[in-house]
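> Provided herewith is a single structure, encoded as structure tokens, for subsequent inquiry.
Numbering (my numbering), first residue to last: 1380 to 1564.
Written out as structure tokens, the structure is:
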């Protein structure tokens, strides 16, 4: 699918408010990719499509994960919204014909991160976290860091996300803990 067709597909699938978020993530991801010598086209595409399954219901996410044989962790079974990332990657592969594993992994791990994140995965993770419309305590620190050191920005975003989840008694995905620890080793 060419870029115009992908935009048309996304416009037909993603609600307008979410699509605006995806466009901002795509723009920031492209800029960060240029800054960190990563393919800007891949970053823009992954950023634009990263939330294509975000508005699916928890039941539908679990259904698609089962249908497509996507492994579901115990945490994901209890918090199915986390499946929007791996389900979204598979949706993009199946419906859009995107086969580039770097793009698919950037979509797949944009919510939790993982140990050994690629530069593209880090870029989409940070762009999603710190896109210009985000407004919450600590986001400015991540924005400042992303201009200086990508790993520092990812660490800050992970630390802040973990703090948020723990303070509210939410489950923490093991990939998020692994991603955070890997960046400190």
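Positions of the beta carbon are idealized from the N, C-alpha and C atoms, including for glycine. Since this is a predicted model, take the numbers as computed values, not measurements.
(1) Is the stretch 1385 to 1402 touching the stretch 1433 to 1448, taking contact as three or more C-beta pairs under 8 Å?
(2) Mark residue 1401 as exposed unless 16 or more other C-beta atoms lie within 10 angstroms of its C-beta, in which case mark it buried.
(3) When the Cα atoms are used, what is the spatial distance from residue 1408 to residue 1445?
(4) Using 10 angstroms around the beta-carbon of residue 1465, count the other beta-carbons present and answer buried if the total reaches 16, otherwise exposed.
(5) Quick one: residues in its chain with C-beta nearer than 7 Å to the C-beta of residue 1482, no 5 flanking neighbours on either side, listed in chain order?
(6) So, with DSSP's three-state summary, where would you put residue 1365?
(7) Take every Cβ of the stretch 1467 to 1481, pair it with every Cβ of the stretch 1505 to 1518, and state whether three or more of those distances are shorter than 8 Å.
(8) Cα separation between residue 1557 and residue 1493?
(9) Restricting to Cα atoms, I'd like to know which of 1452, 1488, 1455 and 1454 is closest to residue 1469.
(10) Which of the three DSSP states, helix, strand or coil, is assigned to residue 1432?
(11) Would residue 1550 be called buried (16 or more neighbouring beta carbons within 10 Å of its own) or exposed?
Checking against the coordinates, here is how it stands:
(1) yes
(2) As a first step, residue 1401 must be located in the chain shown, where it is residue number 22. That one is buried.
(3) Sequence index remark: in the chain shown, residue 1408 carries index 29 (1-based). Sequence index remark: in the chain shown, residue 1445 carries index 66 (1-based). The straight-line gap from Cα to Cα measures roughly 31 Å.
(4) Taking the chain shown and counting its residues from 1, one reaches residue 1465 at position 86. Residue 1465 should be labelled buried.
(5) Taking the chain shown and counting its residues from 1, the one referred to as residue 1482 is at position 103. Excluding residues within five positions, the ones whose Cβ falls inside 7 Å are 1421, 1424 and 1425.
(6) Residue 1365 lies beyond the range of the chain shown here (1380 to 1564); nothing can be said about it.
(7) no
(8) Locating residue 1557 in the chain shown gives position 178, counting from the first residue. Locating residue 1493 in the chain shown gives position 114, counting from the first residue. C-alpha separation (whole angstroms): 6 Å.
(9) The residue given as residue 1469 occupies position 90 in the chain shown. It is 1488 whose Cα lies nearest to the Cα of residue 1469.
(10) For the purposes of this step, residue 1432 is identified with residue 53 of the chain shown, where counting begins at 1. Of the three classes helix, strand and coil, the one that applies to residue 1432 here is coil, per DSSP.
(11) The sequence position of residue 1550 within the chain shown is 171, counting from 1. Flag for residue 1550 reads exposed.
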